[in-house]
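I have placed the structure first, in the form of structure tokens, so that the comments after it can refer back to it.
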Amino acid sequence: MSWFDRFKGSASQPASAGPAQQDFAGDSAQRAKEWENALQHHRLPAFVTHRLSEAAGGKLPWIATMTPVELAQTHRYRIRPLAMVSGTCWYHYGYSWTNGHTAGWHTALRRMQQEAVAAGANAIVDVRMRKIDMELDSSMDFTLIGTAIRIEGMPPNPEPVVATVSALEFMRLLEAGIVPTGIAIGAHYEWLSSWQRNLDAQGGWSNQPLTTLGNFWERVRKQALRQLQQDTRTAGNGVLAHTHFGQLLKVGEQNNERYLGRHIVIGTVVDSERYHVVPHDIRHVVDMRDGLSPLCDQRPSSHNVYDTNQEEGSI
Amino acid sequence: MSDGTAIPQHALARLKGLRSEGHPGGIFTSDFSVNEFLLVRKAGFEPVGLCVGSCIYHLGIQYASWSKNQEMDVLSQAMYHARELAMSRMRAEAEGMGADGIVGVELTVKRMEWDDKILEFIAIGTGVVHAKGHPGFKGPNGKPFTSDLSGQDFWTLLQAGYRPLEMVMGSCVYHVAHQGMFKALGNVGNNTELTNYSQALYDAREIAMERMQHEALQAKAEGVVGVDLHEGSHNWQPHIIEFFAVGTAVTPNTIERDASTIPDPQLVLSVNN
């Protein structure tokens, strides 16, 4: 077909278009309406529920984020992957950025769990926290994705546990009596007014710790951690906080400066029997592959949400 | 690895959706990864809580002469003092929660965006207690030990018959002399070593290591493991570099252990990627 034919809009279709992709539920207007309804009433659109329950019943192929190795291992434990589940919440911060993050994640979590319930799952493993950079003012999207799994011969869990570890690690932890059960969030922000004082330094030429500012910052951080503990309370007895994000900002003009400290901590909640002996034997192994060994290299974090201290600050 | 599918009752109950009521032991916080958590427990320890110490520090002013190799001792002192403050606050927090020690300590430095003379130093790690209350794992003077080793390394270290005492560090901020114009002109077209540069970097690194080693000596350590040397210029003028040495001072475990009981590592060729 020449470029001239394109202008004419001639009927001949380009041969490369191929067959159209199949959707489960109607056209886009219909879908939009379903979604709107569902979000409003805190439930799932019918076509999502349908897809998940079909997958659970084995009528649709299962979908899993697992690698083949993980799949092989999970078979040993009679675990069946069901479907990928997700929860998203685009959240606008009105009065507080910090509290917005807490609310955003909690909503996303609830939505993901809803999907898992629809799939009749016992747990969601390999849960990752993601965001998409759209650079929209004072809002952000909070997304969680994971794989819903079912353990054969076990009734579905009305509140599926949420594990931020892969299926393989999940089982290893279960054997050791540790159940990763959810995600906990602690966030806190506070303002500090300088009241006409200069908090930066008294006499800029000498070395000195800034105690007022330091104590303020410590308080903010402690409060966030306390919140994290509060949030953990309902689901487990410990929290492995993998993400720490803090910002100390200074705003305002000379002699009327204010400092904003905000801190977010996110962690995996675990439920474990304390002082319980770990039954595993551990063997020392040396991997013989050059530079490729999965035993040596750092696993890239699968969450992409916050720049943590580790990434920003050098020692 | 214990073979088979022995999942403890408590875990099974949780998966069915049964919650255990109340947590008599309280809730711990930690920045462990799950594997770290597992291995710390395997080593016979339990996490008690996250210990954080931070210090916001104003760096003093120091001028270096343009053409001289010299240590910037005001800055060296500041970088050391600030970290020490952050660490001691972290340690105090650990003592408060009755921890035997802190593992996985991470030291970071952040610049405050409104003033490049203000740096924030953070020390963060997980306080742990020995599950059976063994008293022999405390650090120097009965204080909690500190270590920047990960949970996995901590387990391995104990297996090797050592225990951590204290994180030791040494800092040296150094000004590397600029080359004079005549010297620079003299080098045009020559392949030659810039000896004053070599010398400066050598010297600075040496000082940082010495200081760290001295700290280890004071902690009565046998050695220092996991030493890392960081070079950083925290937005200072070019030619000013900090050398920072940090590691964990260790001592042989008091519970005597014959070297032959340390398991041999096994060789594996992993097939996953």
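These protein sequences, in sequence, are chains A and B. The first sequence runs contiguously to residue 372 in the numbering used here. The second sequence runs contiguously to residue 269 in the numbering used here. Built from N, CA and C at the ideal position, the CB exists for glycine as well.
If you draw a straight line from the Cα of Y332/A to the Cα of A127/B, it comes to about 6 Å. For A173/B, there are no C-beta contacts with chain A under 9 Å, since the nearest C-beta of that chain is about 24 Å from it. With a threshold of 7 Å between beta carbons, T25/B makes contact with chain A. Considering only beta carbons, the part of the stretch 55 to 77 of chain B lying closer than 8 Å to chain A consists of L55, G56, I57, V70, Q73, A74, H77, in chain order. One alpha carbon belongs to F302/A, the other to A281/A, and they sit about 10 Å apart.
For V335/A against A233/A, the beta-carbon gap comes to about 5 Å, under 8 Å, which counts as contact.
In the DSSP annotation of this structure, the continuous segment of the alpha helix (DSSP H) that includes Y76/B starts and ends at 69 to 92. Here the stretch 271 to 281 of chain A makes contact with the stretch 50 to 68 of chain B; the two share three or more CB pairs at distances below 8 Å. Short of 6 Å from the beta carbon of P160/B, and not among the five residues preceding or following it, lie these beta carbons of its own chain, in chain order: F141, S143, T244, V246. Secondary structure of R278/A (DSSP, three-state): helix. Taking a beta-carbon distance threshold of 7 Å, H235/B does not count as an interface residue toward chain A. Beta-bridge partners of W248/A (DSSP): L317/A. Taking 8 Å as the upper bound for CB-CB distance, V125/B and F41/B are in contact here, some 7 Å apart.
The beta carbon of I189/A sits closer than 6 Å to those of D198, all from its chain and outside the five residues before and after it, given in chain order. When DSSP states are grouped into helix, strand and coil, F28/B belongs to the coil group. Interface annotation for the stretch 81 to 95 of chain B against chain A: L81, criterion Cβ-Cβ distance under 7 Å.
At a cut-off of 7 Å between beta carbons, V30/B contacts chain A. Q265/A belongs to the set of residues whose beta carbon lies under 7 Å from a beta carbon in chain B. Using beta-carbon distances, D288/A does not count as an interface residue toward chain B, since no partner is under 7 Å. Contact annotation, T159/A with A244/A: C-beta distance approximately 5 Å; criterion of less than 8 Å satisfied. Rounded to whole angstroms, E330/A and I235/A show a C-alpha spacing of 7 Å.
Nearest neighbour of I240/A by Cα position, chosen from A95/A, W92/A, G161/A, turns out to be G161/A. Positions of the beta strand (DSSP E) runs, each at least 3 residues long and wholly inside the stretch 162 to 236 of chain A, are given as 180 to 187, 196 to 208 in order along the chain. Taking the beta carbon of N214/A as reference, the chain B residues within 8 Å of it are L11, K12, G13, listed in sequence order. Burial is judged here by how many other beta carbons sit within 10 angstroms of a residue's own beta carbon; L145/B has at least 16 and is buried. Listed by position along chain A, the residues whose Cβ is nearer than 7 Å to that of A7/B are L231, G234, V236. When beta bridges are read from the DSSP output, L306/A appears opposite L317/A. Measuring C-alpha to C-alpha distances from S143/A to each of P212/A, V327/A, M186/A, L128/A identifies M186/A as the nearest.
Neighbours of W110/B in chain A, taken as residues whose beta carbon is under 7 Å from its own, are K307 in chain order. Contact annotation: I136/A and I206/A have beta-carbon atoms nearer than 7 Å. Taking each of N186/B, A215/B, V172/B in turn and checking the Cα distance to Y198/B, the smallest one comes out for V172/B. In the three-state DSSP reduction, K12/B falls in the coil class, being neither helix nor strand. Taking 7 Å as the CB threshold, G295/A lines the interface with chain B. Among the residues of chain A, those whose CB is under 7 Å from the CB of V48/B are R278, following chain order. Scanning chain B for C-beta atoms nearer than 7 Å to the C-beta of W262/A yields G56, I57, reported in chain order.
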